[in-house]
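For the record, the sequence lines run as chains A and B.
Quick note on the UniProt record's numbering: the first sequence kicks off at 1 and runs consecutively.
Quick note on the UniProt record's numbering: the second sequence kicks off at 1 and runs consecutively.
A virtual CB, placed ideally from N, CA and C, is assigned to each residue, including glycine.
Structure first, commentary second.
2 protein chains.
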Amino acid sequence: MSTAQVVRRVAVFGGTHGNEMSGVYLVKRWLQNQEAITRPSFLTVPCIANPRAVERCRRYIDVNLNRQFTPGTFQYCMDVPSTAPYEVHRAVELNKKFGAAGEAFDVIIDLHNTTSNMGNCLIIGSSTDSFTLQMVRYLVQRSGLVCPVFLTENPASHVKMADTRSMGVHGIENGHYGPSCLRSVSRHGLCLELGAQPQGVLLADIFLRHERLVHTCLDFIHKFNQGELFPKETLEVYRILHVVDYPRNKDNDLSAMIHPELQDKDWHPLQPGDPMFLTLDGETIKYEGDSTIYPAFINEAAYYEKGIAFWATQKETLNVNELQVKN
Amino acid sequence: MSTAQVVRRVAVFGGTHGNEMSGVYLVKRWLQNQEAITRPSFLTVPCIANPRAVERCRRYIDVNLNRQFTPGTFQYCMDVPSTAPYEVHRAVELNKKFGAAGEAFDVIIDLHNTTSNMGNCLIIGSSTDSFTLQMVRYLVQRSGLVCPVFLTENPASHVKMADTRSMGVHGIENGHYGPSCLRSVSRHGLCLELGAQPQGVLLADIFLRHERLVHTCLDFIHKFNQGELFPKETLEVYRILHVVDYPRNKDNDLSAMIHPELQDKDWHPLQPGDPMFLTLDGETIKYEGDSTIYPAFINEAAYYEKGIAFWATQKETLNVNELQVKN
Ligand SMILES: [Zn+2]
Ligand SMILES: [Zn+2]
């Protein structure tokens with residue numbers, strides 16, 4: 001049996017990346033009508049995380065906000081140099097308000113979109129936080145939506161590098177996740193990463209699914225606060241292994257694209273020998289690893305500059321402890 | 001019978017908008033391997049139209065390049081003020097090289113992408129240029145691809161404004177087409193506007209279709225040069241009527257989204273009473289015009305700032321004259 005403290009404050013962020021539109025417009029709407037996300041047992045606060053990027057409909061102004069929540073940033077807690085990137089200033093502000101030194105929010109729900117066909121992806125950073133795991137399990141079982149779970153926990157012991165020969169394969173340090181992300185500011189955090197949606201486009205279908213997932217989270221939290229016992233369960237997750245880059249030419253520019261047979265196949269098994277890339281000259285490059293992987297974030301627009309064609313993941317089943325609020 | 005001059009020079013542009021990736025990568029590849037687009041009877045020149053925007057993977061640096069091909073811009077033909085927007089400088093350069101005062105290219109093929117589900121859209125500006133109409137007719141019949149034709153010819157006499165009540169409806173002057181676009185630099189011009197593709201994403205399927213359409217154009221031009229007689233035909237086109245904007249609040253921000261039943265339905269008839277928008281609060285707004293329209297460019301990312309939710313078009317059948325090269 002795990003216990004967790006009662007939840008007093010929940011923050012829902014949109015616009016952590018300013019061109020991911022369903023979170024932006026949900027939060028704008030909730031700022032006008034906070035009642036829609038109110039539950040009797042806790043406070044819910046909606047917040048546009050990167051307002052300047054939202055205004056300009058860009059991912060960020062100077063640097064990726066979602067990587068600025070680091071001790072290095074918070075050394076500035078009192079006095080950020082005026083020359084620091086805008087997002088460093090903003091991370092310090094957000095940490096002061098929502099972090100442990102401020103109002104100490106208990107849960108952060110961070111709304112994102114991807115150009116990848118990842119459906120209703122739930123991103124978590126830990127396989128041991130029973131509260132978040134039970135919330136995710138609740139979304140999987142009770143939202144009425146298919147919700148693949150992407151686990152960004154450091155996979156050091158799991159990394160298999162057999163398939164690194166002809167492709168760029170980086171370790172996790174070049175990747176896109178970790179303890180520096182916005183959701184790490186609170187005790188429990190979850191990203192709702194919905195796609196496929198182009199940057200700068202608002203799709204009603206995705207907006208409605210994002211809304212439904214947030215409401216289901218809030219329902220879970222209220223039940224938890226009321227003392228409901230959540231029984232022991234298992235949860236299927238996709239744990240990150242490593243990233244795979246596009247084949248590139250001597251100028252570091254793309255020499256191949258995601259193969260049409262891999263495009264939109266996030267969460268589907270990629271077997272040794274399966275088509276992976278198509279060169280600009282029309283040649284197929286196959287996956288030459290020696291084990292099945294489950295690609296995610298296939299062809300995400302924001303990852304070209306990061307050297308990520310997709311994330312390789314492995315499927316795992318986690319045990320989720322029984323959970324009840326701490327008395 | 002129409003005649004047209006033999007074609008000596010064809011330019012194929014990619015990256016007129018720097019984040020429309022299939023044209024960018026096709027042109028980059030052809031710059032390395034010009035033979036792929038060579039035909040015996042004319043010269044084909046590939047060109048990245050807006051190289052700085054391509055480098056930064058943005059639509060443009062200062063202003064939309066595809067609206068700078070105006071007499072106002074070309075008054076600078078000798079001496080562009082250094083303070084002028086980058087795209088004005090670039091338009092003057094392109095006009096000097098490809099326009100009538102320079103090498104006088106005969107045909108421009110300009111490769112674009114849209115986030116709208118428009119398929120293999122062919123954009124033309126005139127219902128009377130027999131050469132371009134025959135080339136388009138050839139693409140429709142011979143490319144093996146379904147190719148809707150979008151006609152941007154000034155529709156003044158066709159505009160119906162009965163459905164302007166509750167939606168923002170602008171005249172053509174706020175729209176996105178006209179004689180100021182890049183393809184207007186040559187005698188004959190065509191945009192190949194393929195979608196749906198997110199900005200900054202390269203989809204292999206779209207790349208391959210773009211490539212096939214360019215090759216089919218070049219085949220047509222070579223046959224034309226060789227004296228082939230292209231018989232009288234008819235051609236179905238979608239002629240622009242007006243644009244429809246999103247419902248907006250007092251701050252001019254979106255208060256509604258494209259309705260899920262309209263999303264991705266480019267070229268489908270929209271009848272009076274059909275769902276058109278869904279407000280952020282979940283209410284359906286119906287199309288209240290009094291005649292059927294055919295929407296195109298539904299939910300194009302670049303058009304939010306222009307106040308365009310979609311273009312209303314009407315379906316028409318054009319007569320295409322018999323055509324042969326002038327002796
Ligand atoms: Zn994001
Ligand atoms: Zn374009």
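Spatial neighbours of residue i in its chain, beta-carbon cut-off 7 Å, leaving aside the 5 residues before and after
| i | result |
| --- | --- |
| residue 133 of chain B | 235, 318, 320 |
| residue 86 of chain B | 52, 61, 62 |
| residue 258 of chain A | 277, 298, 299, 309 |
| residue 198 of chain B | 115 |
| residue 284 of chain A | 259, 275, 278 |
| residue 153 of chain A | 125, 126, 127, 239 |
| residue 188 of chain A | 106, 107, 129, 131, 132 |
| residue 209 of chain A | 120, 145, 194 |
| residue 202 of chain A | 21, 22, 25 |
Given residue i as reference, the closest of the options once Cα atoms are compared
| i | options | result |
| --- | --- | --- |
| residue 255 of chain B | A:182, A:276, A:204, A:265 | A:204 |
| residue 135 of chain B | B:192, B:31, B:46 | B:192 |
| residue 111 of chain A | A:138, A:20, A:196, A:81 | A:20 |
| residue 222 of chain A | A:16, A:17, A:280, A:39 | A:39 |
| residue 246 of chain A | A:217, A:229, A:53, A:277 | A:277 |
| residue 315 of chain B | B:92, B:184, B:148, B:73 | B:148 |
| residue 120 of chain A | A:146, A:55, A:183 | A:146 |
| residue 181 of chain B | B:91, B:309, B:62, B:279 | B:91 |
| residue 248 of chain B | B:16, B:308, B:57, B:61 | B:308 |
| residue 142 of chain B | B:284, B:213, B:114 | B:213 |
| residue 118 of chain A | A:195, A:42, A:252, A:311 | A:195 |
| residue 323 of chain B | B:225, B:266, B:98 | B:225 |
| residue 50 of chain A | A:108, A:89, A:233 | A:89 |
| residue 10 of chain A | A:43, A:3, A:22 | A:43 |
| residue 186 of chain A | A:218, A:240, A:105 | A:105 |
| residue 305 of chain A | B:108, B:55, B:22, B:220 | B:55 |
| residue 93 of chain B | B:201, B:154, B:48, B:262 | B:48 |
| residue 233 of chain A | A:289, A:131, A:241 | A:131 |
| residue 237 of chain A | A:74, A:303, A:267, A:244 | A:267 |
| residue 282 of chain B | A:25, A:74, A:41 | A:25 |
Neighbourhood of residue i by C-beta distance below 6 Å, restricted to the same chain and skipping five residues each side
| i | result |
| --- | --- |
| residue 273 of chain B | 286 |
| residue 46 of chain A | 12, 27, 30, 31 |
| residue 292 of chain B | 269, 271 |
| residue 123 of chain A | 150, 191, 193 |
| residue 5 of chain B | 326 |
| residue 64 of chain B | none |
| residue 230 of chain B | 134, 323 |
| residue 68 of chain B | 87, 88, 91 |
Residue i burial status per 10 Å Cβ neighbour count (16 or more: buried)
| i | result |
| --- | --- |
| residue 116 of chain A | buried |
| residue 228 of chain A | exposed |
| residue 211 of chain A | buried |
| residue 14 of chain B | buried |
| residue 59 of chain A | buried |
| residue 265 of chain B | buried |
| residue 125 of chain B | buried |
| residue 1 of chain B | exposed |
| residue 313 of chain A | buried |
| residue 301 of chain B | buried |
| residue 66 of chain B | buried |
| residue 129 of chain A | buried |
| residue 34 of chain A | exposed |
| residue 82 of chain B | exposed |
| residue 95 of chain A | buried |
| residue 102 of chain B | exposed |
| residue 296 of chain B | buried |
| residue 144 of chain A | exposed |
| residue 72 of chain A | exposed |
Close-in-space but distant-in-sequence residues of the same chain around residue i (CB under 8 Å, 5 per side omitted)
| i | result |
| --- | --- |
| residue 215 of chain A | 37 |
Per DSSP, cross-strand counterpart(s) of residue i
| i | result |
| --- | --- |
| residue 110 of chain A | A:13, A:191 |
| residue 2 of chain B | B:323 |
| residue 120 of chain A | A:194 |
| residue 294 of chain B | B:313 |
Residue i Cβ short of 7 Å to ligand 3 heavy atom set
| i | result |
| --- | --- |
| residue 20 of chain B | Ligand 3 is not part of the structure shown, which contains ligand 1 and ligand 2 as its ligands. |
| field | Interfacial residues, the region 192-225 of chain A to chain B, with Cβ spacing under 7 Å | value | Listed by position, the residues of the region 192-225 of chain A near chain B (Cβ gap below 7 Å) are 198, 199, 200, 201, 202, 203, 204, 205, 207.
| query | What residues from the region 30-47 of chain A come within 7 Å of chain B, judged by C-beta to C-beta, listed N to C? | reply | none
| request: Taking only beta carbons into account, state which residues of the region 296-308 of chain A come closer than 9 Å to chain B, listed in chain order. | output: 299, 300, 301, 302, 304, 305
| request: Could you run through the region 103-115 of chain A and flag, in chain order, every residue whose CB is less than 9 Å away from some CB of chain C? | output: In summary, chain C is missing from the structure at hand, where the protein chains are A and B.
| message | Tell me which residues of the region 117-149 of chain B have at least one Cβ-Cβ distance to chain A shorter than 7 Å, keeping chain order. | response | none
| Interface residues of the region 252-270 of chain A facing chain B [CB-CB below 8 Å] | 253, 254, 257, 258, 259, 260, 263
| query | Which residues, in chain order, does the region 5-25 of chain A contribute to contact with chain B at a C-beta distance below 8 Å? | reply | 25
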